[in-house]
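Peer 1: Here it is, the structure, as structure tokens.
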Amino acid sequence: MNALKKLNPYFLKHKGLLVTGSVFVIISVIFKLFPALMIRNSFDTIARVIEDYRSGAVRDETVRWELIRYGMYIIASAVLQGIFMYFMRQTIIVMSRHIEFDLKNVVFDHYQRLTQRFFKKNNTGDLMNRISEDVGKVRMYVGPAIMYALNTGFTIILVISIMISVSPKLTLLTLVPLPFLAFLIYKVANLIQSRSHAVQSQLSNLSTFAQESFSGTRVIKSYHKTPWFVQKFKEEALEYRSVNEKLFRVNAVFQPLMIFMVGLSTLITIYVGGTLYMAGKVSAGNITEFIYYVNLLTWPIASIGWVTSLVQSASASMERLDEFLNEAPDFTGGKYSPAEFKGHIKFESVSFTYPNSGVQALNEVSFELLAGESLGVLGKTGAGKSTLAALIVRQYDPTSGSIFIDGVDLKEWNLPALKAHLGWVPQEAFLFSDTIANNIAFGMDAADLPEIITAAKAAGVHNNIIEFPKSYDTAVGERGVTLSGGQKQRVSIARALIKKPEIMVFDDCLSAVDTETEEIILNNIKAATQEVSSLIIAHRISSVKHCDQIICLEEGRVIEHGTAAELEQAGGHYAELVALQLDSALEGN
Ligand SMILES: Nc1ncnc2c1ncn2[C@@H]1O[C@H](COP(=O)(O)OP(=O)(O)O)[C@@H](O)[C@H]1O
Ligand SMILES: [Mg+2]
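437 is the number that my numbering gives to position 437 of the sequence shown; each next residue is one higher, with no gaps.
Below is the structure:
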């Protein structure tokens, strides 16, 4: 339950709504009780009239109007009760929506500040669940649970004190079944919670499966796996039906259980009340009044069980949320933010081990790149090339050793100041569901079309873009056009070029482009990056042979380092690669 204390600041923030809401709850409870007193008076009046009639006394003609008046009072208080219940919802439920909104923003904001390690550790589904499902469950506590708890508390206190003032004995006996009702409802509510959870998770299985089968439809059809998918979907859907049936079964018990318990209490009221009436201890009006009270108490008492179960699951959700909110970013950056940026890069015995897998991806890597120079990085898959790039753009910090930019340790750099000068083209191009123009202008505060076009031309994708139906305004992603791998890579290059950063990192971003286009783009990049320090990661010799320096990585170590001519002379790995790629180029012709 401790986790829920974390919500107190939110209540405090919206205390106005909470306090007025509580006042509305009290008022609506008072109007809910008022009819009981009117019913008591009516029945007592009727009993008096019957008495008078029997004893032959003068008939009191005003009685009719008295009864009509009581009836009017009952109608009026029902209307007022309704109005105040409306206000109660309008305040407390509205407050819970405000808190839900705050919480969602807090969680999302926190996600944005966390570093790569966190996103590698938790899958997207988990992140989504925290922000939707768990926040939703917490809302059930700050909204409905609080509202019903207040309502129940006031109703129980008021009703029971009136009942005791009428007859303590009758009160005691009438209320005997109700605690059992609360307990049973609590059990049933827990069962409902756990079964709805099963329904939810099966529904998510089913939709994930369906989603995958839609996006993978081409592969499914070409391997003729359609019957298998149909069969598997049927199985998942059957499972979904069966968990739903289990849920319905407990749901079906809920209502009868309540009616049974109320019936029992009513029975006791009539029997015990009847005996007390005959002994002259209570009036006829008191018995009817008690029947009304029993009915009034049923829902509040049942809701004790329901509220308890809501609070329990909200507390579990809050704990999960808290676990995420307590995650600190691995680093937050320093203060260094110079007026001038040159682009000098130096690696000093940099080693890096991935925290989640324990894989050592870089081992004592050192090199120095003067401002405006270019470095080519070669190596097989898994050699550590992408890791090298990720360290420069500070997605991770080195496990040991240091990286200096313009002579200052990366850790001392202010992150926004550093990132303003970096352009990174990732190995896997990622485009947002937006127009092509906006995807290219992504890193800019503002960019006009001519700038975007210049960048797209340099990245060799302009001619493709103008062939799309809406040219630069064409939407990409699920509901837009599907770009080929090479087109995506080039849009991603344009996104980095338009920023005109001082350091550019191209991580194997021409792998899906043919050699000719690659040549053109490389020339453009070379022209665009003459003043710029650039890192070109590739597996083709052609991509790096013009670089000022080249390093070859193997299992995280630098095995060769020099200019293209030097390395060819040395007759090592690089020279082998040159011979190999020359052969295959010749074969290709
Ligand atoms: N996010 C990650 N978590 C754990 N291990 C990783 C991660 N990314 C890469 N690795 C591992 O680090 C090594 C180097 O990978 P990477 O830098 O991507 O190589 P390259 O880009 O040269 O293909 C590989 O063994 C790879 O499995
Ligand atoms: Mg890579």
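The C-beta atom is built at its ideal place from N, Cα and C for all residues, glycine as well.
Can you tell me whether DSSP reads Leu310 as helix, strand or coil?
Peer 2: For the purposes of this step, residue 310 is identified with residue 310 of the sequence shown, where counting begins at 1. In this structure, Leu310 counts as helix in the three-state DSSP scheme.
Peer 1: Please confirm if the segment 516-528 is in contact with the segment 356-365, defined as three or more CB-CB distances below 8 Å between the two stretches.
Peer 2: With the cut-off at 8 Å, the segment 516-528 and the segment 356-365 do not touch.
Peer 1: By the 10 Å Cβ neighbour count, where 16 or more other Cβ atoms means buried, how is Met85 classified, buried or exposed?
Peer 2: Locating residue 85 in the sequence shown gives position 85, counting from the first residue. Its Cβ being crowded by 16 or more others within 10 Å, Met85 is buried.
Peer 1: Since I believe Ala437 is in contact with Tyr472 (beta carbons under 8 Å), could you give me their beta-carbon distance rounded to a whole number of angstroms?
Peer 2: Locating residue 472 in the sequence shown gives position 472, counting from the first residue. Locating residue 437 in the sequence shown gives position 437, counting from the first residue. So it is a contact: roughly 4 Å between Cβ atoms.
Peer 1: Quick check for students: name the residue ranges of the beta strand (DSSP E) that lie wholly in the segment 174-222, counting only runs of 3 or more.
Peer 2: Qualifying beta strand (DSSP E) stretches: none in this window.
Peer 1: Return helix, strand or coil for Asn122, following the three-state DSSP convention.
Peer 2: Indexing the sequence shown from 1 puts residue 122 at position 122. Residue state, collapsed to three classes: coil.
Peer 1: So, does the segment 417-434 touch the segment 500-519, judging by three or more C-beta pairs under 8 Å?
Peer 2: Touching, per the Cβ criterion.
Peer 1: Within the structure, which residues are defined as neighbours of ligand 1 by a Cβ-heavy atom distance below 6 Å, reported in chain order?
Peer 2: Output, sorted by chain position: Lys120, Tyr354, Asn356, Ser357, Val359, Ala361, Gly379, Thr381, Gly382, Ala383, Gly384, Lys385, Ser386 and Thr387.
Peer 1: Quick test of the definition: if touching needs 3 or more C-beta pairs under 8 Å, does the segment 152-165 touch the segment 270-282?
Peer 2: No: the two stretches stay apart, fewer than three of their Cβ pairs being nearer than 8 Å.
Peer 1: Would DSSP call Val532 helix, strand or coil?
Peer 2: As a first step, residue 532 is located in the sequence shown; it is residue number 532 there, counting from the start. In this structure, Val532 counts as coil in the three-state DSSP scheme.
Peer 1: What would DSSP say about Phe11, mapped onto helix, strand or coil?
Peer 2: Here residue 11 refers to the residue found at position 11 of the sequence shown. DSSP places Phe11 in helix when its eight states are reduced to three.
Peer 1: Let's see if you can read the secondary structure: which residues bound the beta strand (DSSP E) around Asn363?
Peer 2: Translated into positions along the sequence shown, residue 363 becomes position 363. Gln360 to Leu369 is the extent of the beta strand (DSSP E) around Asn363.
Peer 1: Kindly examine ligand 2 and report whether one of its heavy atoms sits closer than 7 Å to the Cβ of Gln591.
Peer 2: Any property of residue 591 remains undetermined from this structure, which presents the chain solely from 1 to 589.
Peer 1: Is Asp434 near ligand 2, going by C-beta to nearest heavy atom under 7 Å?
Peer 2: On the sequence shown, position 434 is the one that residue 434 refers to. No - ligand 2 has no heavy atom lying nearer than 7 Å to the Cβ of Asp434.
Peer 1: Is the beta carbon of Asp507 within less than 7 Å of some heavy atom of ligand 2?
Peer 2: On the sequence shown, residue 507 is found 507 positions in, with the first residue counted as 1. Yes.
Peer 1: Mapping the DSSP letters down to three states, classify Tyr336 as helix, strand or coil.
Peer 2: Taking the first residue of the sequence shown as position 1, residue 336 is located at position 336. Here Tyr336 sits in strand by DSSP.
Peer 1: What would DSSP say about Asp134, mapped onto helix, strand or coil?
Peer 2: Along the sequence shown, read from residue 1 onward, the residue named residue 134 stands at position 134. DSSP places Asp134 in helix when its eight states are reduced to three.
Peer 1: Between the Cα of Phe290 and those of Leu535, Ile268 and Leu12, spot the shortest distance and give me the residue it belongs to.
Peer 2: Here residue 290 refers to the residue found at position 290 of the sequence shown. Of Leu535, Ile268 and Leu12, the residue nearest in Cα terms is Ile268.
Peer 1: Along the chain, where does the alpha helix (DSSP H) containing Phe254 start, and where does it finish?
Peer 2: As a working note, residue 254 is residue 254 in the sequence shown. First-last of the alpha helix (DSSP H) with Phe254: Thr226 to Met278.
Peer 1: If you compare alpha carbons, which of Phe233, Phe352, Val513 and His573 is closest to Ser484?
Peer 2: As a position in the sequence shown, residue 484 is number 484, starting the count at 1. Per the Cα distances, Val513.
Peer 1: From what residue to what residue does the beta strand (DSSP E) around Val476 run?
Peer 2: Counting from 1 along the sequence shown, the entry for residue 476 is found at position 476. Looking at the DSSP string, Val476 is not in any beta strand (DSSP E), and its letter there is neither H nor E.
Peer 1: Report the rounded CA-to-CA distance for Val365 versus Val219, giving the unit in angstroms.
Peer 2: Here residue 365 is taken as the residue at index 365 of the sequence shown, counted from 1. Here residue 219 is taken as the residue at index 219 of the sequence shown, counted from 1. Going by the C-alpha atoms only, they are around 41 Å apart.
Peer 1: Check whether the Cβ atoms of Val544 and Leu369 lie closer than 8 Å to each other.
Peer 2: For the purposes of this step, residue 544 is identified with residue 544 of the sequence shown, where counting begins at 1. For the purposes of this step, residue 369 is identified with residue 369 of the sequence shown, where counting begins at 1. It is not a contact, given that the beta carbons lie outside the stated cut-off.
Peer 1: If we ignore side chains and look at the alpha-carbon of each, how far apart do Arg557 and Tyr354 end up?
Peer 2: For the purposes of this step, residue 557 is taken as the residue at position 557 of the sequence shown. For the purposes of this step, residue 354 is taken as the residue at position 354 of the sequence shown. Roughly 15 Å separates the two Cα atoms.
Peer 1: Where does Val159 fall in DSSP's three states?
Peer 2: Position 159 of the sequence shown, counting from 1, holds the residue named residue 159. Correct three-state label for Val159: helix.
Peer 1: Ends of the beta strand (DSSP E) at Lys346?
Peer 2: As a working mapping, residue 346 is identified with position 346 in the sequence shown. Ile345 to Thr353 is the span of the beta strand (DSSP E), which, as asked, contains Lys346.
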